[in-house]
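Notes for the one structure printed next.
Number of protein chains: 4
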Amino acid sequence: MAKLNREESQARTRGLLIEAARREIVKKGFATASIRDIAEAAGFSLGAIYSNFPDKEAILLELIQQHQAEERTRIEENLARAQGDADVAMAGIEAWAETVNSDPDLGVLAIELQLHALRSPAFAKVYNESNRKHRRALGTMIAHLFELFGKKVPGEPSEIASGLAALSRGLALSPTGGDDDRGGRIVLTFLKALIEAAPSVDKAKKSRGKTGE
Amino acid sequence: MAKLNREESQARTRGLLIEAARREIVKKGFATASIRDIAEAAGFSLGAIYSNFPDKEAILLELIQQHQAEERTRIEENLARAQGDADVAMAGIEAWAETVNSDPDLGVLAIELQLHALRSPAFAKVYNESNRKHRRALGTMIAHLFELFGKKVPGEPSEIASGLAALSRGLALSPTGGDDDRGGRIVLTFLKALIEAAPSVDKAKKSRGKTGE
Amino acid sequence: MAKLNREESQARTRGLLIEAARREIVKKGFATASIRDIAEAAGFSLGAIYSNFPDKEAILLELIQQHQAEERTRIEENLARAQGDADVAMAGIEAWAETVNSDPDLGVLAIELQLHALRSPAFAKVYNESNRKHRRALGTMIAHLFELFGKKVPGEPSEIASGLAALSRGLALSPTGGDDDRGGRIVLTFLKALIEAAPSVDKAKKSRGKTGE
Amino acid sequence: MAKLNREESQARTRGLLIEAARREIVKKGFATASIRDIAEAAGFSLGAIYSNFPDKEAILLELIQQHQAEERTRIEENLARAQGDADVAMAGIEAWAETVNSDPDLGVLAIELQLHALRSPAFAKVYNESNRKHRRALGTMIAHLFELFGKKVPGEPSEIASGLAALSRGLALSPTGGDDDRGGRIVLTFLKALIEAAPSVDKAKKSRGKTGE
DNA sequence: TATGAATGAGATTTCATTCAT
DNA sequence: AATGAATGAAATCTCATTCAT
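If you read the sequences in order, they're chains B, F, Y and S.
Residues 2 to 214 (my numbering) make up the first sequence, in order.
Residues 2 to 214 (my numbering) make up the second sequence, in order.
Residues 2 to 214 (my numbering) make up the third sequence, in order.
Residues 2 to 214 (my numbering) make up the fourth sequence, in order.
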């Protein structure tokens, strides 16, 4: 590895610490993951944490930003891929659903973050702000998907998105009973039912809306 | 209050302690809810806990049993009410969905229990056993509902049930943004879509089953 | 067992409790032996202790009385047996030494009692009083033994007795390394050396002492 | 005080803590000496213990090592001094006997250690190992002493050594009744008797061994 | 007399945090 | 920037003791 200058070296340390924090928090929960264990899991000693973060909660704050940025990236990749073609779009969603399920740690982390937000106002402020954006992005993806199928979203797109996100989080906690793909399968079953059951878009109306006639 | 004999008095103490534990755990999380706070919230001293439970985790074990017994009761009430009539059945489900949402604490508690099960093998053993029964009961309810609508359950009923439970749990964590019924509404939207999108039951088969010809 | 009247029944309970206390204290030490464990080892519940003793230390007080009474009995039996004949006397001592060693619990108990006496003035008062009698009895035995061998006790008989008692107590703690009789052997080696090395009694002096001329 | 670097500073802390532990354990017994009291007696806060030892028993382990190292040193000093001259050797033993007695705390500590070894297998393992060495060293001293007096050790030297050690330990517990030197006096009386009563070494054999004729 | 629920002080231990190096 | 010794608050759990039954 090339020699790092001071700034790069510090960024690297931060990154390692955050990664270790993620692992420890998923494994033990925020309250039970100790600062010392996090530091040691990252290959540092206790003090490294306090050279990089003011306190324990600050690690969690950094963790959300990173976590939600990643989720948004995943969503946007699928949005980008699903242009113009319903089948491709559905394939993208399927890929996303599998992703969600393939790393249950992500779901557990999301839940740890949400639980902590319920209990720490300071944390909730940052968390909710970040979450709003997240839901909006998901809502856009959902709206787009329904549109490709020529269907009307039943209710607010962001509500449907919230539902799908809640569903996949809720499933992350369930014991899978050896069936690792169950979660993804359930998410898809639900999503497909939502699309199928949704009313078709009134063509005239739609084209009017689109063409402005 | 009528005078209690010793056994009744102890049962009352246990009940109060468990109730307090439920409140404290929802408020602070299992790791952060302290034994002392639980005891004091119940109006007892710390030691009372240890006269009634061998350790902290034992309170949680008792809590599941109670929690899941209550959930089962709620489900069975709705099952019982919904005999033969799809509209009544759906009304029952709506009532259930509202219940689920009206007490978000239940959802948070369910999540605390599940998280703890991920981390404590001893707890997981009891929890998963109890959970299996729970999912089976939910599955029966789901199967019944689809049958009333003359539809075929898409996949395993217990999987659909798991999905609905996961959904309502996941939603319990989301900040509602002042819209308290959103959770129930989303659950219903999903459920109705599942029913509507499900394929109809083959009539001949169904009537044969029903009439026994 | 014949039916006991109230007084006998109580005495029986006390006896069982004290016996259980002895076992528990030897096993765990006075500080670590819990009142509840003692009661349960005796087949009673916690409250039985407090119906029979004012507090924990009171059990220990009762234990000394019993313990030292037993030791004195053992000594006196050997004194009685060893009349007039040096060989018989030595055989008695040998028997005693074996006894001492065959039940190392007695030594451990004696040490627990002595340690507690160092730390609890209230206990020390009773203990030391009882101990004085004990040493006097041992001293008499020693004096008698030397006399039978026509030897003069080197120093105070009660000091020699203290030494032998201390020796056997100290040995009770040592790990025997599978050689269970080592303790008794060592005590005898020491005692025989003391007798052999002691100066013979000046006959004239002795008879003068006896006849009071 | 000279400024200490980190390593020295920690070594100093450890030393102070162990010293305080020794005092507290002698005063109150291992079970009753609290970690907090030990820390405070050393002038530190409770947590300092846990920066230096994994748990309470670890302090005791450190204490043995130190305690037995000191005892060995004392023994070896006396061995070294007593070269070739019986009177000097006996004076050395007398000095040692006085030492043993002059600090009854050492005896009490030795007993606390032995009692704990009876009850904690983990501790026993370390303790017994250390003890074996100790007895061997004492045995060598005893053998040397008898040799200087031209006497044959009655039995195994290490057994005689065990006896003398047990004797002085047992005496450390006895109330002295204001006579502080009694213990040392008794130990000497016993030792001298052992030497005097021991059979002389066969001269021919001995001189042959010595002169090689 | 005996029971055992409840008390509450106190024990060991963990851990976020501080700070000298 | 990183270390890790030390702090001290707080947590879980134990246990002698009290007291209503």
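Beta carbons are placed, not taken as given, at the ideal position from N, Cα and C, and that holds for glycine.
Here the structure is a predicted model, which is why all the values come from computation and not from measurement.
Check                                                                                                                                                              : Outcome
Would you mind reading off the limits of the alpha helix (DSSP H) that contains B:Glu197?                                                                          : 183-198
Kindly identify the DSSP beta-bridge partner or partners of S:Lys152.                                                                                              : S:Ser201
In whole angstroms, what is the alpha-carbon distance linking B:Glu63 and F:Arg120?                                                                                : 24 Å
Where does B:Ile19 sit, in a helix, a strand or coil, going by DSSP?                                                                                               : helix
Go through the stretch 109-171 of chain B residue by residue and report every complete run of the beta strand (DSSP E) that reaches 3 residues or more, in order.  : none
Between the stretch 153-164 of chain F and the stretch 178-197 of chain B, do at least 3 Cβ pairs fall closer than 8 Å?                                            : yes
By the DSSP assignment, the alpha helix (DSSP H) with B:Gln69 in it spans what residues?                                                                           : 57-82
Measure the Cβ-Cβ separation of Y:Ala167 and S:Leu168 and say whether it is below 8 Å.                                                                             : yes
Over what stretch of residues does the alpha helix (DSSP H) that includes S:Ala40 continue unbroken?                                                               : 36-42
When you check each C-beta in the stretch 124-158 of chain S against every C-beta of chain Y, which residues fall closer than 7 Å?                                 : Asn129, Pro155, Gly156
Using a Cβ cut-off of 8 Å (strictly closer), state whether F:Glu197 contacts chain B.                                                                              : yes
Is Y:Gly171 close to chain S? Criterion is C-beta to C-beta, closer than 8 Å.                                                                                      : yes
Going by beta carbon distance, what residues of the same chain come within less than 6 Å of Y:Glu8, once the five residues before and after it are set aside?      : none
For B:Gln11, count neighbouring Cβ atoms within 10 angstroms of its own Cβ and tell me buried if that reaches 16, exposed if not.                                  : exposed
Rank F:Tyr51, F:Asn79, F:Arg136, F:Lys57 by C-alpha distance to the C-alpha of F:Ala34 and give the top, closest one.                                              : F:Lys57
What does the alpha-carbon distance come out to for the pair B:Leu18 and Y:Pro122?                                                                                 : 57 Å
I need the DSSP call for B:Ser10, collapsed to helix, strand or coil.                                                                                              : helix
Using only alpha-carbon positions, find the residue among F:Thr14, F:Arg15, F:Ala138, F:Arg23 that is nearest to F:Ala111.                                         : F:Arg23
Do S:Val89 and S:Lys152 count as a contact pair if the criterion is CB distance below 8 Å?                                                                         : no
Would DSSP call Y:Ser52 helix, strand or coil?                                                                                                                     : helix
On the three-state DSSP scale, how would you describe Y:Asp88?                                                                                                     : helix
Give the secondary structure of F:Ala32 by DSSP, where H, G and I count as helix, E and B as strand, and everything else as coil.                                  : coil
For chain B, check one thing: does any of its Cβ atoms lie closer than 8 Å to the Cβ of F:Ser208?                                                                  : Note that F:Ser208 scores 46 on pLDDT, short of 50, meaning its location in the model is unreliable and no value can be drawn from it.
Are the beta-carbon atoms belonging to S:Glu113 and S:Gly16 less than 8 Å from one another?                                                                        : no
With three or more beta-carbon pairs closer than 8 Å as the criterion, would you say the stretch 75-83 of chain Y touches the stretch 141-151 of chain S?          : no
Classify B:Pro105 as helix, strand or coil using the three-state DSSP reduction.                                                                                   : helix
For F:Ala167, go through chain B and note every residue whose CB falls closer than 7 Å to its CB, in chain order.                                                  : Leu168, Gly171, Leu172, Ser175
What does the alpha-carbon distance come out to for the pair Y:Ile76 and S:Ala43?                                                                                  : 46 Å
With F:Gly93 and F:Ala173 assumed to form a contact (beta carbons below 8 Å), what rounded beta-carbon distance in angstroms separates them?                       : F:Gly93 to F:Ala173, Cβ: 21 Å. No contact.
How would you call Y:Arg200, buried or exposed, if buried means at least 16 neighbouring beta carbons within 10 angstroms?                                         : This sequence places Pro at residue 200 of chain Y; Arg is not what is there. Y:Pro200 should be labelled exposed.
So S:Arg120 contacts chain Y; which residues on that side make the cut at Cβ distance below 9 Å?                                                                   : Lys28, Lys29, Gly30, Thr33
Looking only at its chain, what residues have a beta carbon closer than 7 Å to the beta carbon of Y:Phe191, apart from the 5 residues adjacent to it on each side? : Leu168
Going along chain B in order, which residues have a C-beta closer than 8 Å to the C-beta of F:Ile76?                                                               : In chain order: nothing, as chain B lies at least about 17 Å away.
Can you tell me whether B:Ser208 is helix, strand or coil according to DSSP?                                                                                       : Bear in mind that a pLDDT of 46 at B:Ser208, under 50, signals an unreliable position, so the model cannot answer this.
Using beta-carbon positions only, say whether S:Gln69 and S:His135 come within less than 8 Å of one another.                                                       : yes
Short of 8 Å in beta carbon distance, which residues of its chain neighbour B:Phe45, apart from the five on each side in sequence? Order them along the chain.     : Thr14, Leu17, Leu18
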